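These notes are about the structure you will find just below.
There are 2 protein chains.
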Amino acid sequence: MSKQAPTLAQVAKIAGVSQMTASRALNDKPGVSHETREAVLKIASDIGYVVNRSAQKLSGSRNGIIGIMTPVLDNHYVGELVVGVGRAARAQGYETLVYTLFDEDRHSHRSVLGLIKQFTDGVVAILPRESAYFNALAAANVPVVAIDQRCSLDGFPSVSVDSYGGAVRAVEHLAQLGHTRIGFVGGDESIEGVRDRRRGYLDALARLGLPSDPNLIAPGDLSQMRAFEAGSSLLALSEPPTAIFAVNDLSAFGVIAAAREQGLRVPRDLSVVGFDDIPMASQVHPPLTTIRQPFAQMGRAAVNTLLSQMENDDAIAPRIVLPTELIVRESTGPAPRYAVGTRRTKRSDHDRTTSR
Amino acid sequence: MSKQAPTLAQVAKIAGVSQMTASRALNDKPGVSHETREAVLKIASDIGYVVNRSAQKLSGSRNGIIGIMTPVLDNHYVGELVVGVGRAARAQGYETLVYTLFDEDRHSHRSVLGLIKQFTDGVVAILPRESAYFNALAAANVPVVAIDQRCSLDGFPSVSVDSYGGAVRAVEHLAQLGHTRIGFVGGDESIEGVRDRRRGYLDALARLGLPSDPNLIAPGDLSQMRAFEAGSSLLALSEPPTAIFAVNDLSAFGVIAAAREQGLRVPRDLSVVGFDDIPMASQVHPPLTTIRQPFAQMGRAAVNTLLSQMENDDAIAPRIVLPTELIVRESTGPAPRYAVGTRRTKRSDHDRTTSR
DNA sequence: GTGAAAGCGCTAACAC
DNA sequence: GTGTTAGCGCTTTCAC
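Those protein sequence lines, which keep their order, are chains A and B. Using the numbering used here, read the first sequence as starting at 1 and increasing by one per residue. Using the numbering used here, read the second sequence as starting at 1001 and increasing by one per residue.
Encoded structure:
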């Protein structure tokens, strides 16, 4: 079979220097002459030496690994974030290992943290709701930064996104297109980001002098199906909206499906704006106008913050809020010209009975 | 600050035994009296002892961690698999760490593998296309099992799914509902699973004595948007299909969107079957009839295979193919009664001009 | 059934 | 600049 992985001792021996010198050379530490360093580096590369990060960690130093803790990654939001953090970490010379929390985990906080601590120099926690882990994290004495839409956790540096501003931007965009009846499909109000979007929607309406009709707000739960229902009910109003701002992209998809189901075309008859800009948003028809969460930037911010926490243990915990960006694609267009209430013909109602 | 994590030495000292005895007790190894074991366990739990898996690994033994290598997890398929493997591993007492490969990784095969090897007892590789890593994996002498739709890699144990059978099942389902003109929206043919689905579709048609019209096969690329186009073109045929089997769920969504765009209702006017059963499939409207990939089972199979490879290094590499399951939801229904070609009125064509 | 010694691969601390 | 020593936390091997 393949031989054992080369060790530092072997590199040192071949180079004819001590392990320490080899170590210093490989780690870019001072105290090695230029030639010695070059020689060591060359030999290491020749024999395919790779440091053993377990040993590195065990001996009490950094090992260049950042841990990412996530809830089960079944949603796009988390997936994008993991990629964002991963790329940013790599750019800084760090590797990244993700540890997925399953719901059954409740008991094992301590051991999970132990594991993380043994393997990594610090952790980026993408924990959406339950803060139980945060307590454990706090006790574990590991550098941590939280990425979340609602990190009101004390003492942790955090990175989040300006949901409020994004919502305002979405409504403004719609208003600029001439829409005056703008609906909102919401989500789980226990999430701070969701509440912020709702507030943003309402405030923007008010600021623009547009009517804010409670009927135009439909509850959702961030899922496509629920948004389909919400959208359907909004469109069934006697004075339906000509535009809808959905709390996330998935919900926007649901709204578009509902519109189509009623014989409406997007964006001709209904404009729709989402939130997140998950990859699918640009790959559906019509490509979705949406508020982009700056995943890459969030990753970078998280990594940088983490690194500086590692340098300076007692640094004050920053709270970084990143701006969103309006991405105009093809799901929004000018408000229809027909007067409110005189909607163009829809297919007759018997046409809409459910099948099967 | 929080004190240092407790070590084995501390446990042993408190228990009044040697480290070795404590170690044996904690690892369920023979050679410890019942009472001693109980005592050690109790103390360990009391002081919150957690083994250091880095040290465990360094000292040459197993550490109970399974690595999962994945391409960037931006798609549902991979996400589900990660969850499946994670759960299965946990059920066997293993922790799981996922290492995400970024495209820029090309160079670093060796170091990645080094990293993996230092931290884990074995790895589940969810590598879709490039086998470059597989070579590295082969050379690294780490137990590996591949999960993939196309693992023709030699020597590796693999777990995959019976795409062919699934496709057959999908077509049979449609035929049973009375459909005779059944279309297919395909995907990237470089993926074995995709080719299998196409073959299954064709063979099932032949076996059922249904016409197999080349026009009824539209190319796709597994994305929703491309499937939207493919579906649109299929539905624009002079003799359009009354049912479409899409190569994956995302494509099925695209087809449904296309149908709606043309004023057709699903399933009344068009039945659609997907493949995968990603979580979204049940959360859209209408809930999607689809061929389920048994993600949980795949995870279990992968983990079990990996464990037995670990036991028995030179065991022959099994090639496990798991069956799929037809999940009937609401996107499929009886074939429309009207004769082929006398399609019910669609909205007039000028209605379909693109906006903006 | 239990323990002592040695070592996994590395780096911090202190020589020289 | 470079080398030596010690030790991270654990498990192996070999005693008893």
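Beta carbons are placed, not taken as given, at the ideal position from N, Cα and C, and that holds for glycine. Small disclaimer: the values here were computed from a predicted structure and weren't measured.
Beta-carbon proximity check, residue i vs residue j, cutoff 7 angstroms
i: E1095/B; j: I1065/B; result: yes
i: G122/A; j: M310/A; result: yes
i: F184/A; j: F245/A; result: yes
i: A1015/B; j: I1047/B; result: no
i: V159/A; j: V194/A; result: no
i: V98/A; j: V83/A; result: no
i: V1078/B; j: A1302/B; result: no
i: A1022/B; j: A1012/B; result: yes
i: V1050/B; j: G114/A; result: yes
i: H1358/B; j: A1335/B; result: No information on residue 1358/B is available, as it lies outside the stretch 1001 to 1356 that chain B covers here.
i: A1317/B; j: P1157/B; result: yes
Three-way DSSP call (helix, strand, coil) for residue i in this model
i: L1322/B; result: strand
i: E1080/B; result: helix
i: S59/A; result: coil
i: I1066/B; result: strand
i: S45/A; result: helix
i: F1184/B; result: strand
i: I1116/B; result: helix
i: I327/A; result: strand
i: S1018/B; result: coil
i: A9/A; result: helix
i: A1173/B; result: The question names Ala, but residue 1173/B is His in the sequence shown. Three-state result, H1173/B: helix.
i: A335/A; result: coil
i: R87/A; result: helix
i: P1279/B; result: helix
i: S212/A; result: coil
i: H179/A; result: coil
i: N1135/B; result: helix
i: G1165/B; result: helix
i: D349/A; result: With a pLDDT of 41 at D349/A, under the threshold of 50, the modelled position of that residue is not reliable, and no figure is offered here.
i: V40/A; result: helix
i: H1285/B; result: coil
i: R268/A; result: coil
i: E1239/B; result: coil
i: V1340/B; result: Because the pLDDT of V1340/B is 48, which lies under 50, any placement of that residue in the model is unreliable, and the question is left without a value.
i: S1108/B; result: helix
i: S54/A; result: helix
i: S1023/B; result: helix
i: Q4/A; result: coil
Residue i: first and last residue of the uninterrupted alpha helix (DSSP H) it sits in
i: T100/A; result: Segment 95-101 is the beta strand (DSSP E) holding T100/A; no alpha helix (DSSP H) there.
i: I1316/B; result: Careful: I1316/B lies outside any alpha helix (DSSP H) and carries neither H nor E.
i: R1198/B; result: 1192-1207
i: F295/A; result: 295-311
i: G231/A; result: 224-235
Per DSSP, the bridge partner or partners of residue i
i: P1071/B; result: L1101/B
i: V1123/B; result: G1067/B, V1144/B
i: A218/A; result: V185/A
i: F1245/B; result: F1184/B, V1273/B
Element boundaries [beta strand (DSSP E), containing residue i]
i: D1249/B; result: Premise fails: D1249/B lies in the alpha helix (DSSP H), 1249-1261, not in any beta strand (DSSP E).
i: R292/A; result: 289-292
i: S160/A; result: 158-161
i: G274/A; result: 271-276
Margin query: When you compare the segment 265-284 of chain A with the segment 304-322 of chain A, are there three or more beta-carbon pairs, one atom per stretch, that lie closer than 8 angstroms?
Written below: no
Checklist line | Contact between the segment 283-301 of chain A and the segment 316-336 of chain A (3+ Cβ pairs under 8 angstroms) | finding: yes
Check: Three or more C-beta pairs closer than 8 angstroms, one from the segment 258-269 of chain A and one from the segment 1200-1211 of chain B: is that the case here?
Finding: no
Margin query: Pairs of beta-carbons, one from the segment 1329-1337 of chain B and one from the segment 1269-1277 of chain B, closer than 8 angstroms: are there three or more?
Written below: yes
Note to self: Taking 8 angstroms as the cut-off, does the segment 163-177 of chain A touch the segment 214-227 of chain A (at least 3 CB pairs, one atom from each stretch)?
What the structure shows: no
Next item on the list: Pair every Cβ in the segment 1052-1066 of chain B with every Cβ in the segment 50-63 of chain A, then say whether three or more of these pairs are closer than 8 angstroms.
Entry: yes
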